[in-house]
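Asker: Each step along the sequence shown adds one to the number in UniProt numbering, with nothing skipped, and position 19 is 19.
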Amino acid sequence: MTPRLDAIGLVVSDLAAAVTFYRRLGFAFPEGAENEPHTEAGLPGGLRLMLDTEETVRSFLPQWQPPTGGGRHSLALRCESPSEVDAVYEELVGAGYHGELKPWDAFWGQRYATVHDPDGNGVDLFAPLAAAPAE
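#1: Any heavy atom of the ligand GDP closer than 6 Å to the CB of D117?
#2: DSSP state of L5, grouped into three classes?
#3: Hey, could you find the ends of the alpha helix (DSSP H) G45 is sitting in?
#4: Please classify T2: is it buried, with 16 or more other beta-carbons within 10 angstroms of its beta-carbon, or exposed?
#5: With a threshold of 6 Å on Cβ separation, who are the neighbours of A106 within its own chain once the five nearest residues in sequence on each side are excluded?
#6: What are the boundary residues of the beta strand (DSSP E) that includes G71?
#7: When you compare only the Cα positions, how much space is there between P37 and Y97?
Below you can see the structure in the form of C-alpha coordinates.
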(Lines of atoms letter the chains of each structure in order from A and count residues from 1; the text may use other names and numbers.)
(Lines give C-alpha, C1' and ligand atoms only; values in the text may rest on other atoms or scores of the structure.)
Protein backbone atom coordinates (compact mmCIF):
# COMPACT_ATOMS: atom_id res chain seq x y z
CA MET A 1 0.00 0.00 0.00
CA THR A 2 1.33 3.44 -0.94
CA PRO A 3 -0.81 6.41 0.08
CA ARG A 4 -0.51 9.37 -2.29
CA LEU A 5 -1.27 13.03 -1.84
CA ASP A 6 -4.70 13.66 -3.38
CA ALA A 7 -5.97 16.91 -1.86
CA ILE A 8 -5.09 19.86 0.35
CA GLY A 9 -7.84 20.84 2.76
CA LEU A 10 -8.37 24.15 4.53
CA VAL A 11 -10.95 24.92 7.19
CA VAL A 12 -12.37 28.39 6.64
CA SER A 13 -14.50 30.75 8.70
CA ASP A 14 -16.30 32.28 5.72
CA LEU A 15 -16.51 30.03 2.67
CA ALA A 16 -17.71 32.81 0.36
CA ALA A 17 -14.75 35.02 1.30
CA ALA A 18 -12.30 32.13 0.83
CA VAL A 19 -13.77 31.18 -2.57
CA THR A 20 -13.55 34.82 -3.69
CA PHE A 21 -9.88 35.02 -2.62
CA TYR A 22 -8.81 31.76 -4.27
CA ARG A 23 -10.77 32.52 -7.45
CA ARG A 24 -8.66 35.71 -7.74
CA LEU A 25 -5.67 33.38 -7.86
CA GLY A 26 -7.17 31.28 -10.65
CA PHE A 27 -8.69 28.40 -8.69
CA ALA A 28 -11.80 27.16 -10.52
CA PHE A 29 -14.46 26.54 -7.90
CA PRO A 30 -17.88 25.58 -9.27
CA GLU A 31 -20.65 28.15 -9.59
CA GLY A 32 -22.52 28.43 -6.30
CA ALA A 33 -19.58 27.06 -4.30
CA GLU A 34 -19.69 30.07 -2.00
CA ASN A 35 -23.07 28.88 -0.69
CA GLU A 36 -21.98 25.34 0.18
CA PRO A 37 -20.41 23.93 3.37
CA HIS A 38 -17.69 22.15 1.33
CA THR A 39 -16.19 22.84 -2.09
CA GLU A 40 -13.28 21.70 -4.20
CA ALA A 41 -11.21 23.08 -7.06
CA GLY A 42 -9.16 20.81 -9.28
CA LEU A 43 -5.45 21.54 -9.51
CA PRO A 44 -2.89 20.65 -12.18
CA GLY A 45 -1.65 17.10 -11.78
CA GLY A 46 -4.95 15.88 -10.36
CA LEU A 47 -4.69 17.36 -6.86
CA ARG A 48 -7.62 19.26 -5.34
CA LEU A 49 -7.92 22.24 -3.02
CA MET A 50 -10.78 21.54 -0.61
CA LEU A 51 -12.45 24.19 1.54
CA ASP A 52 -14.67 23.27 4.48
CA THR A 53 -16.52 25.56 6.84
CA GLU A 54 -15.84 25.33 10.57
CA GLU A 55 -19.42 24.05 10.97
CA THR A 56 -18.73 21.21 8.55
CA VAL A 57 -15.71 20.08 10.55
CA ARG A 58 -17.67 20.32 13.81
CA SER A 59 -20.38 18.09 12.26
CA PHE A 60 -18.01 15.12 12.52
CA LEU A 61 -15.55 16.44 15.15
CA PRO A 62 -17.69 18.44 17.61
CA GLN A 63 -14.78 19.48 19.84
CA TRP A 64 -12.79 21.04 16.95
CA GLN A 65 -11.60 24.60 17.60
CA PRO A 66 -9.76 26.93 15.24
CA PRO A 67 -6.02 27.10 15.94
CA THR A 68 -4.66 30.15 17.71
CA GLY A 69 -1.39 31.95 17.17
CA GLY A 70 0.65 31.99 13.99
CA GLY A 71 0.14 29.64 11.11
CA ARG A 72 2.42 26.70 10.41
CA HIS A 73 1.53 26.10 6.80
CA SER A 74 1.09 27.95 3.57
CA LEU A 75 0.26 27.29 -0.04
CA ALA A 76 3.09 28.09 -2.45
CA LEU A 77 1.98 29.31 -5.87
CA ARG A 78 4.48 29.52 -8.69
CA CYS A 79 4.09 32.56 -10.92
CA GLU A 80 5.27 32.83 -14.52
CA SER A 81 7.78 35.59 -13.81
CA PRO A 82 9.12 37.87 -11.08
CA SER A 83 6.92 40.67 -12.43
CA GLU A 84 3.85 38.44 -12.03
CA VAL A 85 4.74 37.94 -8.35
CA ASP A 86 4.68 41.74 -7.95
CA ALA A 87 1.46 42.15 -9.94
CA VAL A 88 -0.48 39.42 -8.11
CA TYR A 89 0.73 40.69 -4.73
CA GLU A 90 -0.33 44.27 -5.56
CA GLU A 91 -3.70 43.13 -6.92
CA LEU A 92 -4.50 41.16 -3.76
CA VAL A 93 -3.26 43.82 -1.34
CA GLY A 94 -5.13 46.45 -3.37
CA ALA A 95 -8.29 44.35 -2.93
CA GLY A 96 -7.85 44.52 0.84
CA TYR A 97 -6.04 41.27 1.62
CA HIS A 98 -3.19 41.31 4.15
CA GLY A 99 0.26 41.47 2.58
CA GLU A 100 2.51 39.66 5.05
CA LEU A 101 5.75 39.91 3.08
CA LYS A 102 6.28 42.37 0.23
CA PRO A 103 7.91 40.96 -2.92
CA TRP A 104 11.68 40.67 -2.62
CA ASP A 105 14.55 38.93 -4.35
CA ALA A 106 15.25 36.05 -1.99
CA PHE A 107 18.77 34.73 -1.53
CA TRP A 108 17.62 31.29 -2.74
CA GLY A 109 17.01 32.69 -6.23
CA GLN A 110 13.33 33.54 -6.30
CA ARG A 111 11.13 36.63 -6.34
CA TYR A 112 9.04 35.86 -3.27
CA ALA A 113 6.06 37.35 -1.42
CA THR A 114 3.37 36.25 1.03
CA VAL A 115 -0.29 37.26 1.27
CA HIS A 116 -2.80 35.97 3.80
CA ASP A 117 -6.13 34.51 2.76
CA PRO A 118 -9.24 35.65 4.71
CA ASP A 119 -8.49 33.12 7.48
CA GLY A 120 -4.84 34.13 7.87
CA ASN A 121 -3.41 31.18 5.93
CA GLY A 122 -0.20 32.09 4.15
CA VAL A 123 -0.18 32.09 0.36
CA ASP A 124 3.37 32.35 -0.95
CA LEU A 125 3.89 33.73 -4.44
CA PHE A 126 7.19 32.95 -6.12
CA ALA A 127 9.02 32.82 -9.43
CA PRO A 128 12.62 31.98 -10.32
CA LEU A 129 14.78 35.08 -10.73
CA ALA A 130 16.75 33.60 -13.62
CA ALA A 131 15.88 30.98 -16.18
CA ALA A 132 16.84 27.50 -15.08
CA PRO A 133 19.63 25.93 -17.15
CA ALA A 134 18.48 23.46 -19.79
CA GLU A 135 18.87 19.82 -18.84
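For every residue, glycine included, the Cβ atom is placed at its ideal position computed from N, Cα and C. The model shown is predicted, which means the values in this text are computed figures rather than measured ones.
Answerer: So, to answer that:
#1: Although the ligand GDP was asked about, the structure shown includes no ligands whatsoever.
#2: Here residue 5 refers to the residue found at position 5 when the sequence shown is read from its first residue. Reduced to three states, the DSSP call for L5 is coil.
#3: By 1-based counting over the sequence shown, the position of residue 45 is 45. Careful: G45 lies outside any alpha helix (DSSP H) and carries neither H nor E.
#4: Numbered from 1 along the sequence shown, position 2 holds the residue referred to as residue 2. Result: exposed.
#5: Here residue 106 corresponds to residue number 106 of the sequence shown, with the count starting at 1. Cβ neighbours of A106 beyond the five flanking positions: Y112.
#6: Here the question's residue 71 lines up with position 71 in the sequence shown. Here G71 belongs to no beta strand (DSSP E), and DSSP marks it neither H nor E.
#7: Within the sequence shown, the letter at position 37 stands for residue 37. Within the sequence shown, the letter at position 97 stands for residue 97. Straight-line Cα distance between these residues: approximately 23 Å.
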